[in-house]
Structures are given as structure tokens and as C-alpha cells.
Amino acid sequence: MALLLDAARYAGVNARVRGLVSRLIPEWLWAELLATPDLAGLQSLLQQSWYRVGLEGRPDAAALERRLWAHLVTVSRAPVHLLQGSPRALLDWYWRRFEVDNLKTVLRAVHHRAPAETLEATLIPLGPGSRLPWRALGESTSVPGLVERLRGTFYGSVLEQALDTYRREGQLFVLEVALDLAYFGRLLRLMDQLTGRDRQEARRFLGFWVESQNLLWAYRYRIYAGLSPEEILNYTLHRGLRVDAAAVREIALGAPLAEMVARFWGERIPGLAQLQDRPEPEALPVLELLFQRHLHGMAQRALSKYSLHLGIVLAFQVLLFDEVQDLVTLIEGKAAGWPQERIRPYFIAPRGLGRA
156 MALLLDAARY
166 AGVNARVRGL
176 VSRLIPEWLW
186 AELLATPDLA
196 GLQSLLQQSW
206 YRVGLEGRPD
216 AAALERRLWA
226 HLVTVSRAPV
236 HLLQGSPRAL
246 LDWYWRRFEV
256 DNLKTVLRAV
266 HHRAPAETLE
276 ATLIPLGPGS
286 RLPWRALGES
296 TSVPGLVERL
306 RGTFYGSVLE
316 QALDTYRREG
326 QLFVLEVALD
336 LAYFGRLLRL
346 MDQLTGRDRQ
356 EARRFLGFWV
366 ESQNLLWAYR
376 YRIYAGLSPE
386 EILNYTLHRG
396 LRVDAAAVRE
406 IALGAPLAEM
416 VARFWGERIP
426 GLAQLQDRPE
436 PEALPVLELL
446 FQRHLHGMAQ
456 RALSKYSLHL
466 GIVLAFQVLL
476 FDEVQDLVTL
486 IEGKAAGWPQ
496 ERIRPYFIAP
506 RGLGRA
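Taking the numbering used here, the leading residue of the sequence shown gets 156, the next gets one more, and so forth.
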């Protein structure tokens, strides 16, 4: 009976998501985008895609990227309203990672006393999905004042708890980490409220994402920031994950990157041999890209099946994000005058290699 109910519930969702998937940039257009010599040609070609709205005017890399992120935010939210109950709550919160990114941008601007009029152009336009008072937040004259304007919201309570540490240390990092840990902690709790196949799919996609982020955080804190083991433990997630407190402690005390990745994911992630014989500061960004490619492959396989469960929605979210991320990589490569052979290795997905 549960399977029948799931099938009925997701029939409309499946049709809607399949329609959105069909609008992702086709291989032939990726090939032309890669071959075009400059930003003007790239912008012109993108007008043949579902990104065409708002692409008029003189080519500008920053403005073009902002338009792409605005599209991502809008389209990512489209399936939310097709769901009900716990799946809808989870997908809504997953979408709010864009709010978290915007809040970090506002915190940095206020902390460094950047002019409020320049801030708006750096924020991702979130539209009606976000009810936070972005203009008022950007006009705050201090970080405590910004937090006060968030009073009564989830983010306000999180930041308020970290304010004393911020005042004492003067480091914006503690507020950004507080937001990240609270966001991912709530995401894990919402995943646990799911049942059946929905819970399984959420753990497969979002669980992998959270676990990989936790491992990357721990290594970044050790390798790049030189934090102490105690600090690394304070700034990572510990529960509901395989990369838990014990694993983070090992990382903080010097566990080799390749060994820890092999322990948790073994041969499931293609390309891990690329980590061998690389210094860890060089291996870490390679690993991040391998994680993204693994998630992309999972999403493609999920969409190759007729899936009447939450997995199809999450798979589409992954493919859409990766498309925008690769377009941003392409834009920055074109702006720097790079040939396509130099840009390709930074893509999450293989692009423009055929006419599929």
C-alpha cells in the first residue's frame, strides 16, 4: 500500500521534473559554448537556452553569473510546491542553503563596513521564496545590529549564540561556521523525519553531500587554517554521519586524506587514484571535484529510471546546480582567455563531447 501511495503522490512530480530535465543544456549547445571564443559569443549562444531571459546588453562576466544563479534559485524552488509533508519541508530547507550563502555575504559586508549600495549586486536574488529583509540587513551598521534584525528567525537565534565569541575574538569565521553547522544539523533532522524510499533517497544524495562536506571541512581546517584538534572538533558535525566525531578526531590528529576517503567510500568514487602522491593541499580541491562528479553520476543514474520517489527531485537538483556551476566555470575561463582544453578539466560533468 505504501508503494502505491508513493507512486500516486510522485506521478505528477515525476512528470514536472522530467519536463525540467528536458530543458537542461543539450550536448550540441555545450560544444558550441566551449568553441565560442569570447563572452559575447557565449552570451549570444545562451539565448538559445532556458537562460535567455535577462541576457541582453553588453557582456559582463559578473552580471552573467548573477543571472545564472538567479535562474538556479528560481528553478530549484519549482518542485517544492509539488510536494507535501516531510518531503516538502526537506526540499524547502535544502533550497535555503542559498539564504545561508547570502547571509554570509551580508555578514562579511557589514563586518568590513562595505557600502550598502554595493552589497545588493553581490547577493543571489532569491525572490519570494525568502522573506528575510535583505535591504535592512545590508544597512546594518554593525554585526550585532544585523543579528538583532534577525531576531525571531532561525538564523537570528543561531548567530545570537555565537555573538559573544565573535565579540571576544573579532573573527567573522565563528559566525559563518555557526550558520553552516546549524543549517546542516537541521537538514539531517529533516532527513530523519522521512520514511521509506524517500528517506533512503535523501540519505543517498543529501547524506553523501553532508558527509563529504564534513570531511572536507575537517581537512581544510587542519591543512589550510592550522586549527588545533579541539577547534576542528568544535567546527564540524559529529552525529548522524559515518564521518562522525571519531573520524574527525583522527583527521585532526593527522590521518592521511587518501586513507580516510578510501575507508568511507572505497572504490565507489571514480578517480581516487588522482589523490595518490599529491601533497594534501593540492589533493583536497581534486577530492572536492571528485565528490561533485560522483554525486552527478548518481543523479544521472537516478534519472535514467522511472523513479516515483524523492530521488528524482534530488537528482534534478544536483544536475541543475552542476549545469550552472559548469557554466560559471566556462564564463570565468572565457573571461581569462583560456582555450576549451584548459577549461574542461574543471567541469563537474563531461560537456560537449557528443550530440546526445
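All C-beta atoms, glycine included, are put in the ideal place defined by N, C-alpha and C.
Fill in: Run of the alpha helix (DSSP H) containing Pro384, from where it starts to where it stops
384-389
Worksheet item: Run through DSSP, which three-state label would Glu254 get?
Response: helix
Discussion item. What does the Cβ neighbour count give for Phe328, buried or exposed, with the cut at 16 atoms within 10 Å?
Written reply: exposed
Worksheet item: In chain order, what residues of the same chain lie with their CB nearer than 6 Å to the CB of Ala333, ignoring the 5 residues before and after it?
Response: Val313, Ala317
Item to complete: For Val228, count neighbouring Cβ atoms within 10 angstroms of its own Cβ and tell me buried if that reaches 16, exposed if not.
Response: buried
Practice prompt. Look at Phe520 and Ser367 and say whether their C-beta atoms are less than 8 Å apart.
Written response: No statement about residue 520 is possible, as the shown extent of the chain runs from 156 to 511 and does not include it.
Worksheet item: Buried or exposed: Val519, going by 16 or more other Cβ atoms within 10 Å of its Cβ?
Response: Because the chain here runs from 156 to 511, residue 519 falls outside it and cannot be looked at.
Fill in: Unbroken alpha helix (DSSP H) run spanning Lys460, endpoints
No alpha helix (DSSP H) holds Lys460; DSSP gives it neither H nor E.
Item to complete: Indicate the three-state DSSP secondary structure (helix, strand or coil) for Glu422 in the structure shown.
Response: coil
Discussion item. Which same chain residues end up closer than 7 Å to Ala166 when comparing Cβ atoms and leaving out the 5 residues on each side of it in sequence?
Written reply: Leu463
Discussion item. In chain order, what are the residue ranges of uninterrupted alpha helix (DSSP H) at least 4 long that sit wholly in the segment 274-330?
Written reply: 289-293, 298-304, 309-324
Worksheet item: Counting Cβ pairs, one atom from each stretch, are 3 or more of them under 8 Å apart for the segment 435-449 and the segment 488-506?
Response: yes
Worksheet item: Based on Cα-Cα distance, which residue from Ala291, Gly325, Leu287 lies nearest to Gly307?
Response: Each of Ala291, Gly325, Leu287 was checked against the Cα of Gly307, and the nearest Cα belongs to Leu287.
Worksheet entry | Helix, strand or coil at Met202 according to DSSP, with G and I counted as helix | Here residue 202 is Gln; the residue named in the question, Met, does not match the sequence. The answer is coil: DSSP assigns Gln202 none of H, G, I, E or B.
Worksheet entry | Which listed residue (Gly209, Arg251, Thr260, Ile387) has its alpha carbon closest to that of Val235 | Arg251
Worksheet item: If Glu254 and Ser285 are in contact, beta carbons under 8 Å, what's the gap, nearest whole angstrom?
Response: Yes, they are in contact, since the Cβ atoms of Glu254 and Ser285 sit about 5 Å apart, within 8 Å.
Item to complete: Count the other C-beta atoms from every protein chain shown that fall within 10 angstroms of the C-beta of Pro505, then say buried if there are 16 or more, exposed otherwise.
Response: exposed
Worksheet item: Where does Leu179 sit, in a helix, a strand or coil, going by DSSP?
Response: If DSSP states are grouped into helix, strand and coil, Leu179 belongs with coil.
Worksheet item: On the premise that Val468 lies in contact with Val176, defined as a C-beta separation below 8 Å, what is that separation, rounded to the nearest angstrom?
Response: Actually they do not touch by this definition, with Cβ atoms about 11 Å apart.
Discussion item. Taking the alpha-carbon of Pro283 as reference, which of Val230, Ser199, Ala402 has the nearest alpha-carbon?
Written reply: Val230
Worksheet entry | Per-residue DSSP class, three states only, for Glu478 | helix
Discussion item. Taking only three categories from DSSP, how would you classify Trp185?
Written reply: helix
Worksheet entry | Where the alpha helix (DSSP H) through Ile406 begins and ends | 400-407
Practice prompt. Could you tell me which of Asn369, Glu437, Leu262 sits nearest to Ile406, measuring between CA atoms?
Written response: Asn369
Practice prompt. Report yes or no: do the segment 370-378 and the segment 344-355 share at least 3 C-beta pairs separated by less than 8 Å?
Written response: no
Worksheet item: If you check the beta carbons only, do Ala216 and Glu487 fall under 8 Å apart?
Response: yes
Discussion item. I need the DSSP call for Trp248, collapsed to helix, strand or coil.
Written reply: helix
Worksheet entry | Whole-angstrom distance between Arg456 and Lys259, CA atom to CA atom | 34 Å
Fill in: Local conformation of His267 per DSSP, three classes
coil
Discussion item. So for Gly492, helix, strand or coil by DSSP?
Written reply: coil
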